[in-house]
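J.:
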Amino acid sequence: MPAIISLTIPRFELFKAVSLTVIVLLLTCAAAAQPIKPALSDLVHYGDLIDLDVAGGFEFDWRGTLNPEGFLDGVNTYGEPVYGLCRSEKDIAADVVRAYSRLLRDPVVTIKIIDRSNRAVATLDGAVRLPQRFQLKRPASLLELIVMSGGLTDEAGGSIQIFRPKNLSCERSATDVVASNVTAAALVSGNRPQIENITIVDLLTGKESANPIIRSGDLVTVMRSTPIYVIGGVNNPRNIASRTGITLSRAIASAGGLAKEANGQAVSVFRRDGADTRVIEFDLARISDGSVPDPELRAFDIVEVSQKGRPKRTLPPVISNLRSERPNSLPLRIVD
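Under the numbering used here, think of the first position of the sequence shown as 1, with each following residue one higher.
1) Give the DSSP-derived three-state secondary structure of R286 in the structure shown.
2) Grab the span of the beta strand (DSSP E) containing S306 for me, first residue to last.
3) Using only CA atoms, which one of F58, T123, G70 and E144 lies nearest to C86?
4) Just to confirm, is the Cβ distance from A120 to S216 under 8 Å?
5) I'd like the ranges of any beta strand (DSSP E) spanning at least 3 consecutive residues and lying wholly in the stretch 118-155.
6) On the premise that I200 lies in contact with A156, defined as a C-beta separation below 8 Å, what is that separation, rounded to the nearest angstrom?
7) Could you compute how far the alpha carbon of P81 sits from the alpha carbon of I114?
8) Could you please give the first and the last residue of the uninterrupted alpha helix (DSSP H) stretch that includes Y100?
9) Would you kindly work out how many angstroms separate the C-alpha atoms of S288 and V222, rounded to a whole number?
10) May I ask you to report which of helix, strand or coil DSSP gives D73?
11) Is T110 closer than 8 Å to D53 when the C-beta atoms are compared?
12) I'd like the list of long-range same chain contacts for S149, defined as Cβ closer than 8 Å, with 5 residues on each side in sequence excluded.
13) Can the beta-carbon of A262 be found closer than 8 Å to that of V234?
14) Provide the residue(s) that pair with V234 in DSSP beta bridges, ordered along the chain.
15) Could you name the residues that DSSP lists as bridge partners for A337?
16) Which same chain residues, not among the five before or five after R63, have their C-beta less than 6 Å away from its C-beta?
17) Buried or exposed: E59, going by 16 or more other Cβ atoms within 10 Å of its Cβ?
18) Which partner residues does T65 have in the DSSP bridge list?
19) For S159, which residues does DSSP report across the bridge?
20) When we look at the beta-carbon of L103 and count the other beta-carbons within 10 Å, is it buried (16 or more) or exposed?
21) Buried or exposed: A275, going by 16 or more other Cβ atoms within 10 Å of its Cβ?
22) Assuming A251 and G264 are in contact, meaning their beta carbons sit under 8 Å apart, how far apart are those beta carbons, in whole angstroms?
23) Let me know if G126 comes out buried or exposed under the rule of 16 or more other beta-carbons within 10 Å of its beta-carbon.
24) Once DSSP output is grouped into helix, strand and coil, what is the label at L43?
25) Quick check on A55: does DSSP put it in helix, strand or coil?
26) Between which residues of its own chain and N193 is the CB-CB distance below 8 Å, once the five residues before and five after are set aside?
27) Return the CA-CA distance between L152 and L143, expressed in angstroms with no decimal places.
28) From L187 to L43, what distance separates their C-alpha atoms?
29) State the Cα-Cα distance for the pair S101 and D61, rounded to the nearest angstrom.
30) By a C-beta neighbour count over all protein chains shown, 10 Å radius and 16 as the cutoff for buried, is I319 buried or exposed?
31) Between the C-alpha atoms of S254 and K308, what's the straight-line distance to the nearest angstrom?
32) Buried or exposed: where does I214 fall if 16 or more other Cβ atoms within 10 Å of its Cβ makes it buried?
33) Could you check where the beta strand (DSSP E) with R298 kicks off and where it finishes?
Take a look at the structure:
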């Protein structure tokens with residue numbers, strides 16, 4: 001006798017399947033009902049080329065940019081101008097429809113950003129190996145841009161400063177969906193310039209708050225430490241970064257150590273003391289054997305190691321700027 005297999009689904013299993021389906025549908029509808037916030041890159045920025053198209057003719061079409069106040073430059077709405085800075089294409093089109101409804105019946109307006117290449121660039125300058133500008137087409141972190149610039153130099157101090165100018169990144173405006181010209185203009189006008197100071201130690205130790213996302217228009221400066229100058233009878237006369245705990249012997253070692261013609265028993269430190277300059281004499285031999293402590297240097301100290309056969313200096317030397325001059329125009333790199 002052949003076996004009979006029942007395909008009947010138990011009522012409990014059927015009820016459970018229907019319940020799961022209903023829950024999925026409800027969650028999908030709830031997610032679809034929530035407004036989607038536009039991405040920062042999708043909002044209108046200064047420098048964007050915007051195209052306004054009115055269906056059915058060419059008389060009211062327009063193509064242009066924003067004026068310094070953030071309104072569509074040259075669009076004749078026969079009334080209130082249309083505010084565009086840090087707003088989405090959809091919101092701007094809705095305002096244009098309201099303005100043109102006085103003249104046209106049921107106007108259909110399309111707003112499109114057709115060129116984003118002239119947006120403000122982010123600049124990384126200061127104590128990095130390759131200061132440069134960045135055209136950001138995607139989010140980029142501070143550490144990522146520093147790596148792209150070759151890393152920090154020996155002149156780097158202890159902090160990084162980020163200056164965010166007003167209205168260039170649209171960061172604050174992206175958190176709110178605005179509907180009217182007055183509300184949009186008031187919101188963006190409140191987007192004040194910001195200054196953020198970050199400690200390099202926090203950045204290098206992986207602290208999340210010390211590695212922010214850099215926006216278009218940001219000016220990032222890796223602060224240089226104040227210098228200490230080492231000259232005279234050393235193998236590599238140079239200026240070194242002034243940091244806590246740097247001593248005379250360490251500074252001379254950083255400059256390549258004593259040269260053949262050096263006289264280590266006559267080392268002079270020229271130190272600023274108000275409007276005057278004080279000269280302090282040291283003997284490296286006595287420091288090496290522990291007879292005297294190794295003195296800690298201060299910012300802008302000038303260390304001169306005497307050289308055999310040359311007269312001893314009585315006046316403080318004039319130090320030229322040993323840092324390489326910054327080029328008039330920094331190179332531009334596209335981050336996409």
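The beta-carbon is built from N, C-alpha and C at its ideal position, and this holds for glycine as well. No experiment lies behind these values; they were computed from the predicted model shown.
T.: Taking the geometry as given:
1) Counted from its first residue, the sequence shown places residue 286 at position 286. Reduced to three states, the DSSP call for R286 is helix.
2) Here residue 306 refers to the residue found at position 306 when the sequence shown is read from its first residue. Where S306 is concerned, the enclosing beta strand (DSSP E) stretches over I302 to Q307.
3) Here residue 86 is taken as the residue at index 86 of the sequence shown, counted from 1. If we check each option's Cα against that of C86, G70 comes out closest.
4) Locating residue 120 in the sequence shown gives position 120, counting from the first residue. Locating residue 216 in the sequence shown gives position 216, counting from the first residue. The answer is yes: Cβ separation under 8 Å.
5) 122-126 and 132-136
6) By 1-based counting over the sequence shown, the position of residue 156 is 156. By 1-based counting over the sequence shown, the position of residue 200 is 200. 7 Å between Cβ atoms; contact.
7) Position 81 of the sequence shown, counted from the first residue, corresponds to residue 81. Position 114 of the sequence shown, counted from the first residue, corresponds to residue 114. Approximately 21 Å between the Cα atoms of the pair.
8) For the purposes of this step, residue 100 is identified with residue 100 of the sequence shown, where counting begins at 1. Element bounds for Y100: E89 to Y100.
9) The sequence position of residue 288 within the sequence shown is 288, counting from 1. The sequence position of residue 222 within the sequence shown is 222, counting from 1. Using only the alpha carbons, I get a separation of about 36 Å.
10) In the sequence shown, the residue the question calls residue 73 occupies position 73. Coil at D73, not helix or strand.
11) The residue given as residue 53 occupies position 53 in the sequence shown. The residue given as residue 110 occupies position 110 in the sequence shown. In contact: D53 and T110 (Cβ atoms closer than 8 Å).
12) Taking the sequence shown and counting its residues from 1, the one referred to as residue 149 is at position 149. Only L124, V128, R129, L130, P131 and Q132 meet the Cβ criterion.
13) If you number the sequence shown from 1, residue 262 lands on position 262. If you number the sequence shown from 1, residue 234 lands on position 234. Taking 8 Å as the Cβ cut-off, A262 and V234 qualify as a contacting pair.
14) Locating residue 234 in the sequence shown gives position 234, counting from the first residue. L258.
15) The displayed coordinates of the chain run from 1 to 336. Any statement about residue 337 would go beyond what the structure contains.
16) Working through the sequence shown from its first residue, we reach residue 63 at position 63. Excluding sequence neighbours, R63 sits near D51.
17) Position 59 of the sequence shown, counting from 1, holds the residue named residue 59. Result: exposed.
18) Looking up residue 65 in the sequence shown gives position 65. Answer is none; T65 lacks a bridge partner.
19) In the sequence shown, residue 159 corresponds to position 159, counting from 1. BP columns for S159 point to T199.
20) On the sequence shown, position 103 is the one that residue 103 refers to. Result: exposed.
21) Numbered from its first residue, the sequence shown carries residue 275 at position 275. The residue is exposed, with fewer than 16 neighbouring Cβ atoms inside 10 Å.
22) By 1-based counting over the sequence shown, the position of residue 251 is 251. By 1-based counting over the sequence shown, the position of residue 264 is 264. Between G264 and A251 the Cβ distance is about 13 Å, and since that is not below 8 Å, they are no contact.
23) Position 126 of the sequence shown holds residue 126. G126 comes out buried.
24) The residue labelled residue 43 in the question sits at position 43 within the sequence shown. Correct three-state label for L43: coil.
25) Taking the sequence shown and counting its residues from 1, the one referred to as residue 55 is at position 55. Reduced to three states, the DSSP call for A55 is coil.
26) Numbered from 1 along the sequence shown, position 193 holds the residue referred to as residue 193. In the sequence on display, residue 193 carries Pro and not Asn. Counting only Cβ-Cβ distances below 8 Å, and skipping sequence neighbours, we find F163, R164, P165 and K166.
27) Numbered from 1 along the sequence shown, position 152 holds the residue referred to as residue 152. Numbered from 1 along the sequence shown, position 143 holds the residue referred to as residue 143. Going by the C-alpha atoms only, they are around 10 Å apart.
28) As a first step, residue 187 is located in the sequence shown; it is residue number 187 there, counting from the start. As a first step, residue 43 is located in the sequence shown; it is residue number 43 there, counting from the start. Here L187 scores only 46 on pLDDT, less than 50, and its place in the model is too uncertain to base an answer on.
29) Sequence index remark: in the sequence shown, residue 101 carries index 101 (1-based). Sequence index remark: in the sequence shown, residue 61 carries index 61 (1-based). Each residue's alpha carbon lies about 15 Å from the other.
30) By 1-based counting over the sequence shown, the position of residue 319 is 319. That one is exposed.
31) As a position in the sequence shown, residue 254 is number 254, starting the count at 1. As a position in the sequence shown, residue 308 is number 308, starting the count at 1. Between S254 and K308, the C-alpha separation is close to 21 Å.
32) Taking the first residue of the sequence shown as position 1, residue 214 is located at position 214. Flag for I214 reads buried.
33) Translated into the one-based positions of the sequence shown, residue 298 becomes position 298. Counting along the chain, R298 falls outside any beta strand (DSSP E), and DSSP gives it neither H nor E.
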